[in-house]
Amino acid sequence: MYSGVAITGVGMMGDWGAGKDDFSSLLLGHPTLTTIDKFDFDSHIDTSLLRRADYISLCAFTAAEMALRDAKISIKQEDSTRIGAILGTAHGPLHYSFDYHESLVTGDPKMVSPMFFSDSIPNAPVSHISTALGIHGYTITTQGYCAVTQGLKIAAERIQRGALDVCLVGGADVNHGFLAKLYGGCVAHPKKITTAFGGSGFLILESLDHAQKRGAVTYAYLEQAVMITAKYGVLSSQHVSLFDKIDVHNPSKYLLSVADDDKDSKLRRDYFLNGISDHHTDCSSIFGYGFAAAESFQSILTVLIAQSPQMFSSSLGITELTRAINNVSLLRTAFAGGNSLVVFSQNV
Amino acid sequence: MKRRVVITGMGIITSLGRGIDVTTQALKEGRSNIKRINSFEPTSHKTTLGGEVDPLQFENFSAGDVDVRFWDRSSKLLFKATSDALKSAGIQNSKQHPIRASFIAGTTLGGMLASQSFHRAALTGMNYKDRAPFVSDALATHQLLHISEALNILGETLILNNACASSLSAIGLTYERIRGGDCDVAIAGGYEVMSDFTHAGFNVLQLVTSDACRPFDKGRTGLILGEGAGVLVIETLEHAILRKAPVIAEIIGYGQASDAYHLTKPDPNALGASRAIKAAVDQAEIDPGVIDYVNAHGTGTLANDVMEAKALHLALGTHASKVPLSSTKPFMGHLLGAAGVVETIVSVIAIKEQLAPENLNLRELDSECKLNVIRSGAQKFAIKTVLSNSFGFGGSNAAILLKEFIG
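Those protein sequences? They're chains H and X, same order as listed.
Numbering of the first sequence is given in this note's numbering, commencing with residue 866 and proceeding in unit increments.
Numbering of the second sequence is given in this note's numbering, commencing with residue 3 and proceeding in unit increments.
In structure tokens form, the structure reads like this:
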């Protein structure tokens, strides 16, 4: 359990739009859908700071800057060595990876643009963020299907230890036509992956002391972030629980769950939820495929519900949210045996 | 809570061979294993050289009763290093008794071999669907899953990417979690595999050399890539004593910082790198003067080596020009995401053997690198405390301090 790790800002953008208003429209089922290559980055960020960067870097930077603005943090006024940035991603800079590889296979390897290669390394987006924003503290990229939860966990640990005042934690992934081929054999509905997706969400994690000193408004507090990797067969024989310290039957607590679109992920979700029927909603379909981008949106949604449950009762159709709820959890059972739980609370 | 953290198991596989003994022998003898690349056709690139793992290591590969037909080389390398590390730590695993520990690994382009194979088949009109079962390895996270399933490791698995500092970041995060009381024992490491994709990338960036890799040499012209994996079992001293584990060395400090300067160029003022080293020294609560040997990042590129020399002077003061130092990349190549763990293991070997490896291929020291670089063979002297550095693209900087274990 963490204490004193506040969420003081959120930022999100995607092929559905940008910012909290568009995010609410998305939840109400009225997304302004486009494709990420048509997103007007210039109206949100100074794209000259990320010249020639892949879409994922542009998305991540847009969401990170938005979250900082939301938190009213100016890095220039802070000790930048005590600010960190963590980005979770499943696939990283896919467009540049595949473009670079295609030019390698079909052209002269010596003529391939070096920029394509350096920008195709998975830590390129977080490096662009730290360079453009002047972040000199801990920066890292977590890779996988629960990468955002793992980023939240690392950030909370470092803030609790006193190593960071502020940490930007987000997720980003951008679709590429080739992904449908990659996932063709392992998901229940591979055609869904051909649907455009792309975007990024960021949360600002801040030590409570730091937030209070600068008079920041807090959305919620990060209470817990847990991840274990185990497939269903392993889980069912080993009695693994993600809920050791969480009383999920408490009426003041609410649980959202997300299962990826494969049989094993759904079995694991059912395994964890065994006996938990009250105070629970499956929100797998809200953001669809989107890997770490979807995970970041799910995390932000959980924060927003923790801050103001009643606001979301109609848009999500969850009548229980009209009750007094002070703690909202997000359970994710993802591809490749990834199982994560993140808990946000209204209370310090 | 601050607890003493020790290394109780190590596994390593590189172009020098598999295991601690083979690696130790090569370091003692000053024997490198950089050769012409065999796993793909390298002739269209500036250099044809690389540090590849012996292909015999992959023949008749098995991992218990797990189906390994669709594992790529990365998974196999990581499996070998992990099973060796667990064995040396005296950790038994079985179907009935899983290893309840987290496994954090760093890699730069760990999934690239499977990904490029599938993509290449699709681009060239081959039947890419035949390659579909291999595709799970296109994501590094699947590689850790393979190992966890095969060795029955039940806990958090986490892939970190911090470019060439990735596996040192994995060790650092594991160390800090154990030191801070989050867990008692964990597994950490890293891996990287040679691929056409990566080799071509470093070639077009003009960072590789067709000559030898000569870190800190006036006439250095670049790096040579390598492949391999390294894994450590890390635990609290109390936990190690309780289970009568062999304690190999102690981790006493770790630091990580960002340049925020450029995607591929290091900060010429070395501010990020020096902050990472200083943070490790501060955490260890030591005087920099007690550091006996530095295992440098030392890539042999023009920009890195001067920057690293500057960082050492900023962080260690006058001791920087006195402390014996070498880069071991000329032995096995630059292992990118795996470099940090492999060089941590080399540093532990230096403590165990009281022997610092030679900085191979050095002819004339660059006057901008005012360092005590080890030449003319490995040197034997009292080595109690070692600093090892890893720096990478995107301004990633990490440093670790290791100490001889005294109970």
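Cβ atoms here follow ideal geometry from the backbone N, Cα and C, with glycine treated the same way.
Here the structure is a predicted model, which is why all the values come from computation and not from measurement.
Skipping 5 residues on each side, what residues in its chain have a beta carbon closer than 6 Å to that of L389/X?
As a position in the second sequence, residue 389/X is number 387, starting the count at 1. The answer, listed in chain order, is I293, V296, L403.
Consider the Cβ of P974/H: report whether some Cβ of chain X lies at a distance smaller than 8 Å.
For the purposes of this step, residue 974/H is identified with residue 109 of the first sequence, where counting begins at 1. Chain X contact via Cβ: present.
Taking Cβ-Cβ distances shorter than 7 Å, what residues in chain H pair up with P270/X?
Taking the first residue of the second sequence as 1, we reach residue 270/X at position 268. By Cβ distance, chain H contributes nothing, its closest Cβ being about 15 Å from P270/X, past 7 Å.
What residue range is occupied by the uninterrupted alpha helix (DSSP H) comprising F1209/H?
One-based indexing of the first sequence puts residue 1209/H at position 344. No alpha helix (DSSP H) holds F1209/H; the beta strand (DSSP E) holding it covers 1203-1210.
So what's D1135/H in DSSP terms, helix, strand or just coil?
The residue labelled residue 1135/H in the question sits at position 270 within the first sequence. D1135/H falls in the helix class under three-state DSSP.
Where does E287/X land, buried or exposed, given buried means 16+ other C-beta within 10 angstroms?
Residue 287/X sits at position 285 when you count from the first residue of the second sequence. Exposed: under 16 other Cβ atoms inside 10 Å.
Go to S1170/H, then tell me how far its alpha helix (DSSP H) extends in each direction, as first and last residue.
In the first sequence, residue 1170/H corresponds to position 305, counting from 1. As written in the sequence, residue 1170/H is Ile, which differs from the Ser given in the question. 1156-1172 is the span of the alpha helix (DSSP H), which, as asked, contains I1170/H.
In the DSSP assignment, the beta strand (DSSP E) including K246/X goes from what residue to what residue?
Counted from its first residue, the second sequence places residue 246/X at position 244. Unbroken run through K246/X: none, as it is neither H nor E.
How far does the alpha helix (DSSP H) with M12/X in it reach, from first residue to last?
On the second sequence, residue 12/X is found 10 positions in, with the first residue counted as 1. Here M12/X belongs to no alpha helix (DSSP H); instead the beta strand (DSSP E) covers 7-16.
Got a sec: which bits of the stretch 1015-1027 of chain H sit with their beta carbon under 9 Å from any beta carbon on chain X, in order along the chain?
Q1015, K1018, I1019, E1022, R1023, Q1025, R1026
How is V325/X classed by DSSP in three states: helix, strand or coil?
Sequence index remark: in the second sequence, residue 325/X carries index 323 (1-based). In the structure shown, V325/X sits in coil (DSSP, three-state: anything other than H, G, I, E or B).
How about S392/X and L170/X: are their beta carbons less than 8 Å apart?
Here the question's residue 392/X lines up with position 390 in the second sequence. Here the question's residue 170/X lines up with position 168 in the second sequence. The answer is yes: Cβ separation under 8 Å.
Give a yes or no on whether 8 Å exceeds the smallest Cβ distance from I1005/H to chain X.
Position 140 of the first sequence holds residue 1005/H. Answer yes: the Cβ-Cβ gap between I1005/H and chain X drops below 8 Å somewhere.
Is it true that the CB of L1120/H sits closer than 8 Å to the CB of L998/H?
Here residue 998/H refers to the residue found at position 133 of the first sequence. Here residue 1120/H refers to the residue found at position 255 of the first sequence. The answer is no: Cβ separation not under 8 Å.
Is the separation between the beta-carbon of G1066/H and that of S1178/H shorter than 8 Å?
Position 201 of the first sequence, counted from the first residue, corresponds to residue 1066/H. Position 313 of the first sequence, counted from the first residue, corresponds to residue 1178/H. Not closer than 8 Å, so no.
Which residues in the same chain have their Cβ closer than 6 Å to the Cβ of E1071/H, if we skip the five residues on either side of it in sequence?
Here residue 1071/H refers to the residue found at position 206 when the first sequence is read from its first residue. A871, T873, V1031, listed in sequence order.
For D1074/H, the first and last residue of its enclosing alpha helix (DSSP H)
In the first sequence, counting from the first residue as 1, residue 1074/H sits at position 209. Looking at the DSSP string, the run of the alpha helix (DSSP H) that includes D1074/H is 1073-1078.
Supposed close pair L29/X, F333/X - CB separation, criterion 8 Å
For the purposes of this step, residue 29/X is identified with residue 27 of the second sequence, where counting begins at 1. For the purposes of this step, residue 333/X is identified with residue 331 of the second sequence, where counting begins at 1. Going by Cβ atoms, the distance from L29/X to F333/X rounds to 7 Å, so yes, they are a contact pair.
Using a Cβ-Cβ distance under 8 Å, would V1207/H count as near chain X?
If you number the first sequence from 1, residue 1207/H lands on position 342. V1207/H does not count as touching chain X.
Give me whichever residues DSSP pairs with D219/X in a beta bridge.
Counted from its first residue, the second sequence places residue 219/X at position 217. In the DSSP output, where bridge partners are listed per residue, D219/X has L367/X.
Using 10 angstroms around the beta-carbon of T45/X, count the other beta-carbons present and answer buried if the total reaches 16, otherwise exposed.
Your numbering for residue 45/X matches position 43 in the second sequence. Classification for T45/X: exposed.
Give the single residue among T110/X, I149/X, Q118/X whose Cα lies nearest to the Cα of T1007/H.
The count along the first sequence starts at 1 and reaches residue 1007/H at position 142. That would be T110/X, whose Cα lies nearest to the Cα of T1007/H.
Please report whether the beta-carbon of Y263/X lies at a distance below 8 Å from any beta-carbon of chain H.
The sequence position of residue 263/X within the second sequence is 261, counting from 1. Yes, Y263/X lies at the interface with chain H (some Cβ there is under 8 Å from its Cβ).
Within its chain, find whatever has a CB closer than 6 Å to the CB of I254/X; leave out the 5 residues flanking it on each side and keep chain order.
Taking the second sequence and counting its residues from 1, one reaches residue 254/X at position 252. Closer than 6 Å at Cβ, skipping near neighbours: A286, L403, K405.
Which residues of the stretch 945-973 of chain H have a Cβ closer than 7 Å to any Cβ of chain X? Give them in chain order.
T946, A955, F963, H966, E967, L969, V970, T971
Starting from the beta carbon of T996/H, find every residue of chain X whose beta carbon is closer than 9 Å, and list them in chain order.
Taking the first sequence and counting its residues from 1, the one referred to as residue 996/H is at position 131. Result: S260, D261, A262, Y263, H264, L265, G396, G397.
What are the partner residues of N1115/H, as DSSP defines its beta bridges?
Taking the first residue of the first sequence as 1, we reach residue 1115/H at position 250. None; N1115/H has no bridge partner.
In chain C, which residues lie less than 7 Å from E158/X when you measure between Cβ atoms?
In the structure shown, chain C does not exist; the protein chains are H and X.
Tell me whether H144/X is buried or exposed, calling it buried when 16 or more other Cβ atoms sit within 10 Å of its Cβ.
Against the second sequence, residue 144/X aligns to sequence position 142. Buried is the call here.
Pick from K354/X, A188/X, A401/X that is closest to K386/X, judged by C-alpha positions
Stepping through the second sequence from its first residue, residue 386/X is reached at position 384. With distances taken between Cα atoms, K386/X lies closest to K354/X.
Return the residues of the stretch 976-989 of chain H that lie within a Cβ-Cβ distance of less than 9 Å from chain X, sorted by chain order.
Hits within the stretch, in order: M976, V977, S978, P979, M980, F981, F982, S983, D984, S985, I986, P987, N988, A989.
Only counting the same chain, and skipping five residues up and downstream in sequence, which positions put a Cβ closer than 8 Å to that of H909/H?
The sequence position of residue 909/H within the first sequence is 44, counting from 1. Within the same chain, M878, A883, T927, E930, M931 come within 8 Å of H909/H by CB-CB distance, once the 5 residues on both sides are set aside.
Within 8 Å, do at least three Cβ pairs link the stretch 1130-1137 of chain H to the stretch 899-906 of chain H?
The stretch 899-906 of chain H is not in contact with the stretch 1130-1137 of chain H.
In terms of alpha-carbon separation, which member of S119/X, G302/X, I250/X lies closest to I408/X?
By one-based count along the second sequence, residue 408/X stands at place 406. Taking each of S119/X, G302/X, I250/X in turn and checking the Cα distance to I408/X, the smallest one comes out for I250/X.
Let me see if you follow: with CB-CB separation under 8 Å, is Q1089/H close to chain X or not?
Position 224 of the first sequence holds residue 1089/H. Judged by the 8 Å Cβ criterion, Q1089/H is not in contact with chain X.
What are the start and end residues of the alpha helix (DSSP H) that includes L227/X?
Counting from one through the second sequence, the residue named residue 227/X turns up at place 225. Per DSSP, L227/X belongs to no alpha helix (DSSP H) and is neither H nor E.
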